[in-house]
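Residue numbers (numbering that gives the first Met the number 0), protein chains in the order written: chain H, 0 to 422; chain W, 0 to 304.
Every residue, glycine too, gets a C-beta built ideally from N, C-alpha and C.
Inspection log for the structure reproduced underneath, given as structure tokens.
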Amino acid sequence: MLKTYLTATVASLLALTAAAYAPSAAAQAKEEVEVMHWWTSGGEAAALNVLKEQLQKEGVAWKDAPVAGGGGDAAMTALRARVTAGDKPTSVQLLGLAIRDWAEQGVLADLTPLAEKEHWADHIPPAIAAFSTYDGKWVAAPVNIHRTNWLWINKKLLDKVGGKAPTNWDEFQALAKKFKDAGITPLAHGGQPWQESTIFDAIVVSVGGNDFYKKAFVDLDPDALGGDTMQKAFDQFRVLRGWVDPNFSGRDWNLASAMVINGEAGMQVMGDWAKGEFIKAGLKPGVDIVCVPYPGSEKAFLFNSDQFAMFSLDDKARQDAQLKLASAIESPSFQESFNLVKGSIPANTEVKPDKFDPCGQKSMADRDAFKSTGGMLPSLAHGHAASAAVKGAIYDVVTNFFNSNQSSADAAKALADAVALAK
Amino acid sequence: MAVISEPAVAGRRSPFDWLQTILPKLVLAPSFAVTIVCVYGFILFTLYLSMTNSAMLPSFTWVGLVQYGKLWSDPKWTISLVNLGIYGVLYICISTAIGLLLAILLDQRIRIEGALRTIYLYPMAISFIVTGTAWKWILNPGLGLDKLMHSLGWTGFTFDWLIDGNMAIYTIVIAGVWQSSGFVMAMFLAGLRGVDSDILKAAAIDGATLPQTYRRIIIPLMRPVFLSAFVVSAHLAIKSFDLVKAMTDGGPGTSTWTPAFYMYATTFTRNQMGLGAASAVIMLATISAIIVPYLYSELRGGRRD
């Protein structure tokens with residue numbers, strides 16, 4: 000296995016050294032962008048194709064550098080190899096704090112002149128812009144905003160058991176019980192650490208409120224992480240554990256979504272990328288699939304945002320192409336068509352919500368409403384709240400708790416300890 | 000004449016001689032250089048990284064033994080070591096036992112031995128990723144063995160170790176043993192074939208039964224094979240990563256983490272390269288503790304011969 004990775008790394012290094020010479024000569028002649036990303040699944044690839052075509056119209060050639068693997072772990076490994084070898088791609092899809100990590104290495108380009116010309120600061124919510132800028136300079140172009148604290152409910156099953164979409168914890172429990180009594184698995188869940196953490200994020204903000212979430216997961220305050228409120232969050236998580244089917248271990252998120260689609264399970268807590276699965280199955284979000292924020296987290300918008308970071312380049316033609324790429328990414332037309340396909344909402348607030356489904360419209364309304372309330376909160380599970388090391392440490396505690404009989408008190412203590420060690 | 004020709008011959012032979020001495024060195028030099036840099040060089044580099052605060056990319060800020068302190072206070076590292084202990088001991092013992100048993104059975108001059116030997120050996124030709132994925136499906140209660148038994152009417156049957164945090168490591172043992180037993184069998188079979196038939200005849204004349212012959216004579220003769228089997232499977236166990244990655248991905252929870260899995264997770268997904276390097280160094284030390292005495296005894300044995 001290690002060998003496979005090493006081979007891959009060495010291969011990419013070799014490919015890179017070879018590539019480093021070839022394009023630099025070619026780039027003199029034409030403008031070209033090389034875009035590294037992990038959007039390889041059907042819908043995502045189609046969405047990205049919109050950008051590709053738009054750029055080609057402007058005479059910029061598109062060199063695709065996809066590295067498959069959802070979540071981008073493989074892409075990040077490949078990126079490290081490339082940058083270490085001195086062959087920087089034009090642009091790379093990055094998530095959250097990874098942008099800051101690369102900016103700290105001093106390898107990202109400064110997009111500030113373009114951003115000022117196009118008034119990005121006026122169109123992009125400050126919470127998102129915080130991730131696109133480093134040291135006061137724009138280094139990345141945000142593509143979208145995903146909301147992760149959604150609860151998706153199969154409308155047909157909801158009507159069958161005579162329930163209504165829950166708005167608080169008690170209603171949520173009542174509905175789950177109704178599903179259970181009707182022989183339906185209340186909660187579709189995939190037992191992978193990131194999925195468990197996605198749910199736990201929503202629980203923490205629901206139990207403790209926005210300020211507590213920030214204190215615990217952004218400021219990493221030990222008292223918040225190991226305190227009573229966190230214990231209550233673990234208590235709620237334990238209740239949820241009772242609502243999943245016994246065979247959840249290792250299941251992929253889209254298979255969990257499929258359980259909601261085909262009526263095996265009533266609900267799923269998942270980010271809005273799940274919409275893609277629902278739409279593919281012919282169900283309309285907001286109509287056949289009810290979407291509500293995770294009960295108790297209505298005042299919070301837990302987000303993750305895909306961004307394209309631009310790497311600093313020496314070649315003038317490639318620099319120009321890079322700016323054209325950044326400009327195209329922020330254009331309302333691309334933001335609209337891309338996000339309609341992807342299931343997320345535009346990072347550019349100029350885009351009108353008309354064409355989006357009710358869930359997307361709700362997201363967009365909340366995005367604008369929470370601008371000043373502090374309700375836009377970075378998702379821990381998706382690498383926006385804390386460093387990769389801390390995120391990993393929290394994953395471990397959360398997934399361990401969910402897959403064992405650990406007490407909430409022990410889990411909260413383990414959480415504080417693990418974060419202290421990883422910080 | 001002889002007096003004159005001899006120095007002449009020596010003079011003619013000397014450049015050829017020189018070439019003959021230098022040629023093997025020349026041929027070996029590139030691979031030697033590559034080994035020096037890519038194996039020993041990188042081992043030293045890893046050792047150095049483990050004493051820096053390297054995070055996402057290598058950094059050269061010296062922090063001493065801080066990463067080792069972190070490593071040993073991390074409960075996941077403890078889990079990883081315990082898992083390695085369980086997995087290593089069971090994997091080595093069971094695959095050796097099964098391998099020996101299969102070899103003895105195959106050694107009874109049975110008819111389609113060639114075909115059987117190939118069948119048992121073939122799992123070794125499959126990568127651990129494939130083995131892991133296949134066993135993940137077989138042991139998944141929702142689609143594998145459990146479901147099959149239930150649909151055959153045996154509804155009381157449960158085998159849910161894969162999704163039970165306390166038992167999941169044993170499912171990895173099952174898959175590992177399945178994969179390696181055939182290979183160990185091949186090693187033993189070769190050893191059994193090498194036993195001097197005169198000894199066996201002498202034993203038969205002395206009236207030893209077949210089980211006695213095996214227990215008292217043949218198996219003790221297999222000592223070097225046991226050692227080789229142990230060394231081969233021990234290093235497979237210590238670097239066990241792909242099987243875990245494919246089968247459980249460390250789960251449920253963190254219950255099936257192994258040191259190699261820990262190294263990968265910290266170095267490549269969590270931006271803790273220094274910590275990952277420290278764990279790699281500990282793994283190297285563990286492997287050395289096994290391999291070095293083995294090599295030492297082998298080399299010494301060679302000299303004795």
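>> With three or more C-beta pairs closer than 8 Å as the rule, is the segment 218-226 of chain H touching the segment 404-418 of chain H?
In response: yes
>> Tell me whether the segment 209-226 of chain W and the segment 119-134 of chain W touch, counting them as touching only if at least three CB pairs, one residue from each stretch, are closer than 8 Å.
In response: no
> For H:Val34, which three-state DSSP category applies?
Replying inline: strand
> By DSSP, does H:Thr184 sit in helix, in strand, or in coil?
Replying inline: strand
>> Determine, for W:Gly164, whether the minimum Cβ-Cβ distance to residues of chain H falls below 7 Å.
In response: yes
> From this set, W:Tyr295, W:Ile286, W:Arg299 and W:Thr265, which residue's C-alpha is nearest H:Gly391's C-alpha?
Replying inline: W:Thr265
> What three-state label does DSSP hand H:Leu219 in the structure shown?
Replying inline: coil
> Would you say the segment 350-367 of chain H touches the segment 264-275 of chain H, given that touching needs at least three Cβ pairs under 8 Å?
Replying inline: yes
>> Along the chain, where does the alpha helix (DSSP H) containing W:Trp134 start, and where does it finish?
In response: Phe127 to Leu138
> Under the three-state reduction of DSSP, which class applies to H:Lys56: helix, strand or coil?
Replying inline: helix
> Mapping DSSP to helix, strand and coil, what is H:Leu150?
Replying inline: strand
>> Give the list of continuous alpha helix (DSSP H) stretches no shorter than 4 residues that lie fully inside the segment 338-386 of chain H.
In response: 357-368
> On the three-state DSSP scale, how would you describe W:Lys244?
Replying inline: helix
> To which residues does DSSP link H:Gly190 through a beta bridge?
Replying inline: H:Ser248
>> Please tell me whether W:Thr268 has its Cβ less than 7 Å away from any Cβ of chain H.
In response: yes
>> Using only the alpha-carbon positions, how far apart do W:Ser179 and W:Lys69 sit?
In response: 34 Å
> CA-CA distance, W:Ile286 and W:Lys135?
Replying inline: 28 Å
> What number of angstroms, rounded off, separates the C-alpha of H:Gln267 from the C-alpha of W:Leu120?
Replying inline: 45 Å
> Interface residues of chain W around H:Ser386 at Cβ under 7 Å?
Replying inline: Asn270
>> Less than 7 Å between CB atoms is the rule here; does H:Asp251 satisfy it with respect to chain W?
In response: no
> Which bits of chain H does W:Met50 rub up against, with CB to CB less than 7 Å?
Replying inline: Near W:Met50 there are no residues of chain H at all, since even the closest Cβ is about 18 Å away, more than 7 Å.
> Going by the CB atoms, is the gap between H:Gly70 and H:Ser205 shorter than 7 Å?
Replying inline: no
> If we ignore side chains and look at the alpha-carbon of each, how far apart do W:Glu5 and W:Leu18 end up?
Replying inline: Residue placement at W:Glu5 is poorly supported in this model, since its pLDDT is 49, which falls under 50; the coordinates are not used for a value here.
> Between the beta-carbon of W:Ile168 and the beta-carbon of W:Ala233, is there less than 7 Å?
Replying inline: no
>> Looking only at its chain, what residues have a beta carbon closer than 6 Å to the beta carbon of W:Ala202, apart from the 5 residues adjacent to it on each side?
In response: Thr212 and Ile216
> Since H:Gly270 and H:Trp149 are thought to touch, with beta carbons under 8 Å apart, how far apart are those beta carbons, to the nearest angstrom?
Replying inline: 7 Å
>> Can you list, in chain order, the residues of its chain with a C-beta nearer than 6 Å to that of W:Gly305? Leave out the 5 residues immediately preceding and following it.
In response: Here chain W comprises residues numbered 0 to 304, so residue 305 of chain W is not present and cannot be evaluated.
>> Could you compute how far the alpha carbon of H:Lys283 sits from the alpha carbon of H:Asn153?
In response: 11 Å
> Relative to chain W, which residues along the segment 78-109 of chain H have a C-beta separation below 7 Å, given in chain order?
Replying inline: Arg79, Thr83, Asp100 and Gln104
> Counting Cβ pairs closer than 8 Å, one from the segment 177-187 of chain H and one from the segment 333-349 of chain H, do we hit at least three?
Replying inline: no
>> Can you tell me whether H:Ser326 is helix, strand or coil according to DSSP?
In response: helix
> Going along the segment 195-214 of chain H in order, which residues come within less than 8 Å of chain W, judged by CB to CB distance?
Replying inline: none
> Any C-beta of chain C sitting closer than 7 Å to the C-beta of H:Asp409?
Replying inline: In the structure shown, chain C cannot be found, because the protein chains are H and W.
> Identify the residues that DSSP records as bridge partners of H:Ala308: which are they?
Replying inline: H:Val91 and H:Ala139
> Mapping DSSP to helix, strand and coil, what is W:Gly141?
Replying inline: coil
> Do the segment 43-50 of chain W and the segment 395-413 of chain H touch if we need at least three Cβ pairs shorter than 8 Å?
Replying inline: no
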